[in-house]
Structures are given as structure tokens and as C-alpha cells.
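Numbering (the working numbering), first residue to last: 164 to 363.
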């Protein structure tokens, strides 16, 4: 009888040792998988938001001066920057990151920059950036050559992207209103103004 109890005790010791070893191996994998899932979820949400922003901009651009479009989007907590067209010089086309590049194609982009390493700044990686083209022409022709300052000033359509309200560290819902304005006396006659209201 005593031998039988001894075997049961040894079995429990071996079994619990294996469980501790298994936990030590699988917990880091679980954490890594959880972090990757969070990252992919944030990228998917940012991609959906960029698509809605691009659609709203395309709608007002296609309809011409006086047109207005409103959309609601969610920005994940990792968003640290949003660029659309570039108000001053229409330079948001393509992307240079530390791990690669997206070539210029003559169209202004909606660019959402995310921070996954927690330092409060864009990670400077393609994997932490969402880029969606709009119909707006950018500073460059399709072949990458510049259109020139005069074209940018007189014919470019500028988006007031500095009006985005960002709250890094907090997932927020925004009501965005884009309006196409034409004012021949303004430095940039063709503009798409932005009103950003945080609604959740």
C-alpha cells in the first residue's frame, strides 16, 4: 500500500513539473500572439477609417466647390498622426520608412501613422502605417517628377489636415466634416476644410 501512494506522489511531482515547464514556454507565446492581435486590430480599424476619410474627400472633390461630406470614424489608441494631401505643399504621396517605401503615384494619400512600441511617436515602419490613395492630385506627376510650385499654389486642392484632433492612448470616435472651398484671393484657392468633432 505504501508503494502505491509513493508512485502517486511521484506522478504528481513529475506532472506538476511538466505543467510549470509548459507554462513557462507557452506564456511568452501567448503574450506575443496577444500583442500581434492587438496590432492587427488597430491596423484594420485605422485602414477602415482611412478608407472612409478618402471616400469623403473624393466625394467633395468630385462634386466641386461648395460640396460637403460628413463621416464618422474610430481612431485606435495607437494613432499618433494623420496626414491628408498636405495643406502647404501637397507632399503626402508615397512613403519612405525605415523598412521600405511606397512609391509616389501622383495621387494624394490619406496616411495614418501608428505607435506600437509605446514611445508616443510613429514607429517609422511600413507595418505601423496605413496609406490609402485619394483622387486628389499630389505635388508629383505619376512618374515622380514635380509639378512645380506654381501648379501646387494655383491648381492643387489642399486639405486642412492639421485640424484632426488626436488623443494618443485613447480610442476615439470622430465626426469629420469636409467642405470644398474655392476662394481666388486665398494663398491656396482650392481647399478642403476639415471640422473634427470627437463624439465618443
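Even for Gly, the Cβ is constructed at its ideal location relative to N, Cα and C.
Secondary structure of residue 314 (DSSP, three-state): helix. The Cβ-Cβ distance between residue 274 and residue 246 falls below 7 Å. Around residue 263, the same chain offers 289 as residues with beta carbons nearer than 7 Å, after the five sequence neighbours per side are excluded. Taking the Cα of residue 358 as reference, the smallest distance to any Cα among 244, 212, 328 and 239 is reached at 328. Counted as a single uninterrupted DSSP element, the beta strand (DSSP E) harbouring residue 344 occupies residues 335-345.
Our two residues, residue 271 and residue 338, have alpha carbons roughly 22 Å apart in a direct line.
The Cβ atoms of residue 282 and residue 243 do not sit closer than 7 Å to each other. Taking a 10 Å sphere around the C-beta of residue 292, we find 16 or more other C-beta atoms and assign the residue as buried. Around the beta carbon of residue 297, 16 or more other beta carbons lie within 10 angstroms, which makes this residue buried.
About 21 Å separates the CB atoms of residue 335 and residue 294; that is not less than 8 Å, and the two are not in contact. Distance from the CA atom of residue 208 to the CA atom of residue 221, rounded to whole angstroms, is 20 Å.
Counted as a single uninterrupted DSSP element, the beta strand (DSSP E) harbouring residue 246 occupies residues 242-247. Per DSSP, reduced to three states, the secondary structure at residue 299 is strand.
Residue 272: member of the beta strand (DSSP E) spanning 270-277, first to last residue.
Only exposed fits residue 348, as fewer than 16 other CB atoms lie within 10 angstroms of its CB. A straight line joining the alpha-carbon of residue 211 with that of residue 310 spans about 30 Å. Here the C-alpha atom of residue 300 lies approximately 33 Å from the C-alpha atom of residue 333.
In the three-state reduction of the DSSP assignment, residue 348 falls in the coil class.
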